[in-house]
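Have a look at the structure below, then the notes.
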Amino acid sequence: MQLDVHFLFLRLTNYWCNVSISFSISTYILDRVYAYYQLYHSNIVQKPNLRSENASTE
């Protein structure tokens, strides 16, 4: 009985480690995607302003 409980505890610990690792990886990926999206969005917003400034100087 003691061995079964220990084995179950190891299985649960292993499962929890896998879940936490995959959760941290997905959180990191989402953070990167969000950062790239913000960068892309700010570039799109800034480009028309740069174009209008270039047109006004010419």
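Those letters in the sequence shown? Residues 32 to 89, by the numbering used here. The C-beta atom is built at its ideal place from N, Cα and C for all residues, glycine as well.
Taking the straight line between their C-alpha atoms, what separation do you get for leucine 39 and tryptophan 47? Computed Cα separation, rounded: 12 Å.
Alpha-carbon spacing of arginine 42 relative to tyrosine 59, whole angstroms: Answer to the nearest angstrom: the Cα atoms are 26 Å apart.
Out of curiosity, what's the CA-to-CA distance linking asparagine 96 and arginine 63? Outside the shown range of the chain, which is 32 to 89, sits residue 96, and nothing can be said about it.
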